[in-house]
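Residue numbers (this note's numbering): 1 to 371.
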Ligand SMILES: Cc1cc2nc3c(=O)[nH]c(=O)nc-3n(C[C@H](O)[C@H](O)[C@H](O)COP(=O)(O)OP(=O)(O)OC[C@H]3O[C@@H](n4cnc5c(N)ncnc54)[C@H](O)[C@@H]3O)c2cc1C
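As structure tokens, then:
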């Protein structure tokens with residue numbers, strides 16, 4: 001059987017769903033191919049579920065622009081369609097005096113990026129806000145919050161379908177052929193899809209998709225483990241240490257349904273053909289329980305009431321990074337690599353926050369330049 005589309009999206013994580021929804025709503029005949037039996041079973045459901053404000057990314061970068069726009073867009077959708085969210089706010093804390101200048105840098109970047117409701121707090125302000133957290137100073141961002149990623153993806157998927165989009169599950173893309181009409185995409189069970197435009201939203205495997213068209217990228221995988229805190233500690237706001245070079249640091253996340261989660265750490269790992277467990281196999285990776293000590297040491301620096309026995313392994317997620325362990329900042333890549341092929345690669349954090357804005361950005365590229 002052969003299907004014909006204006007646009008075909010590969011990958012039904014939050015980004016592919018947001019892109020698909022925008023295109024279907026713009027009346028393109030849109031298809032979405034996903035290798036798993038459902039949407040959102042990979043990184044989009046294994047992350048901190050934080051709506052970032054946009055303080056972490058250099059001004060003018062796609063990460064900065066799409067994060068700030070995406071943050072506003074998701075709150076707007078959550079309010080209009082009654083999706084689950086909590087605008088908790090966040091404090092980024094200087095645990096040592098020497099980290100205070102980092103807060104000032106983040107403040108300046110935030111202002112330059114158009115982040116609203118942002119201010120520096122002293123230790124006594126923080127004490128009033130979260131009595132159990134100790135620090136020298138903090139940067140408060142009122143637009144940071146938490147959502148339920150599954151809830152957002154359910155919304156995006158149903159909007160996509162309601163707008164006439166067609167989704168194919170258990171459809172792993174294995175080969176792509178380019179011709180003068182566009183692209184023919186082949187899946188593992190020998191389905192064939194022809195399309196004028198093709199969009200790569202394959203997350204951790206996005207470099208494999210570009211490889212099928214002879215375009216080379218190297219993606220690193222960097223695993224992050226999470227532990228949950230099995231005791232009631234009243235922290236109602238997100239608490240982050242100052243960020244490291246390749247990650248935002250092990251932070252405290254008040255979970256949407258109650259309780260606290262801590263994580264993620266960062267560990268560059270060897271890539272395998274499967275990132276997460278599925279119905280057929282337990283996969284290759286799991287939370288490293290021996291890291292409880294590391295997590296405890298890190299978090300007890302600023303939350304001394306936590307005890308090592310309070311921590312239980314919870315889950316892991318894998319970042320898809322263009323940035324190697326020794327590299328500096330790398331932006332999202334969202335570009336038309338060859339006519340009609342839009343590539344989204346390195347969509348790590350703040351990819352969840354940016355998802356709606358990415359969907360709009362890609363739909364505009366299609367409308368302005370392609371079809
Ligand atoms: C530990 C961690 C914490 C994070 N925390 C946050 C946060 O708090 N806030 C935030 O904004 N962002 C966060 N992120 C980033 C965010 O989770 C990602 O940017 C986002 O989920 C990426 O979505 P995606 O749709 O691109 O990828 P994915 O969710 O990985 O979706 C890609 C889809 O493509 C499918 N696919 C792959 N290959 C093929 C193929 N050959 N054929 C068909 N389908 C294929 C996969 O099965 C998958 O469903 C975090 C990430 C990690 C790892």
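Note that CB positions come from ideal geometry on N, CA and C, so glycine has one too.
Where does residue 212 sit, in a helix, a strand or coil, going by DSSP? coil
Bridge partners for residue 251 per DSSP, in chain order? 263
So, does the segment 24-44 touch the segment 135-153, judging by three or more C-beta pairs under 8 Å? yes
If residue 371 sits next to residue 197, beta carbons under 8 Å apart, how far is it from one beta carbon to the other, in whole angstroms? 6 Å
Tell me whether residue 150, by its Cβ, gets closer than 7 Å to a heavy atom of ligand 3. Ligands in the displayed structure: ligand 1; ligand 3 is not one of them.
Could you check whether residue 100 and residue 219 sit closer than 8 Å to each other, using their CB atoms as the reference points? no
Could you tell me the distance, in whole angstroms, from the CA atom of residue 90 to the CA atom of residue 117? 11 Å
Taking only three categories from DSSP, how would you classify residue 72? helix
Alpha-carbon to alpha-carbon, residue 177 and residue 47: 34 Å
Residue 124 beta carbon near ligand 1 (any heavy atom closer than 7 Å): no
Would you mind sorting residue 350 into buried or exposed? The rule is 16 or more other CB atoms within 10 Å of its CB. buried
Assuming contact is defined by CB atoms lying nearer than 8 Å, are residue 374 and residue 323 in contact in what I supplied? Residue 374 is absent from the model: the chain starts at 1 and stops at 371.
Beta-carbon gap between residue 11 and residue 34 smaller than 8 Å: yes
8 Å CB neighbourhood of residue 148 in its chain, flanking five on each side removed: 49, 83, 84, 85 and 256
Give me whichever residues DSSP pairs with residue 341 in a beta bridge. 198 and 338
Shorter than 7 Å, the distance from the beta carbon of residue 30 to the closest heavy atom of ligand 1, or not? no
Residues that residue 316 bridges to, as DSSP identifies them: 225
Suppose the cutoff is 8 Å on Cβ atoms and the five residues either side in sequence are ignored; what does the same chain contact list for residue 111 look like? 118
Over the uninterrupted beta strand (DSSP E) stretch that includes residue 18, give me the two end residues. That residue, residue 18, is in no beta strand (DSSP E); its alpha helix (DSSP H) goes 14-25.
Three-state secondary structure (DSSP) of residue 86: strand
Short Cβ contact (8 Å threshold) for residue 224 with residue 264: yes
Assign residue 137 to one of three DSSP states: helix, strand, or coil. strand
Whose C-beta lies closer than 8 Å to the C-beta of residue 194 among residues of the same chain, with five residues either side of it excluded? 2, 3, 4, 5, 181, 182, 183, 184 and 185
With a threshold of 8 Å on Cβ separation, who are the neighbours of residue 289 within its own chain once the five nearest residues in sequence on each side are excluded? 313
Measuring alpha carbon to alpha carbon, tell me which of 361, 352, 207 and 140 ends up nearest residue 14. 352
How many angstroms separate the CA atom of residue 275 from the CA atom of residue 124? 44 Å
Compare the beta carbon distance of residue 342 and residue 215 with 8 Å and say whether it is the shorter of the two. no
Spatial neighbours of residue 248 within its chain, please: CB distance less than 8 Å, with the 5 preceding and 5 following residues excluded, ordered by chain position. 56, 240 and 349
Thinking C-beta only, is residue 107 closer than 8 Å to residue 120? yes
Specify the secondary structure class of residue 165 as computed by DSSP and reduced to three states. coil
CB residue 315 to CB residue 336, shorter than 8 Å? no
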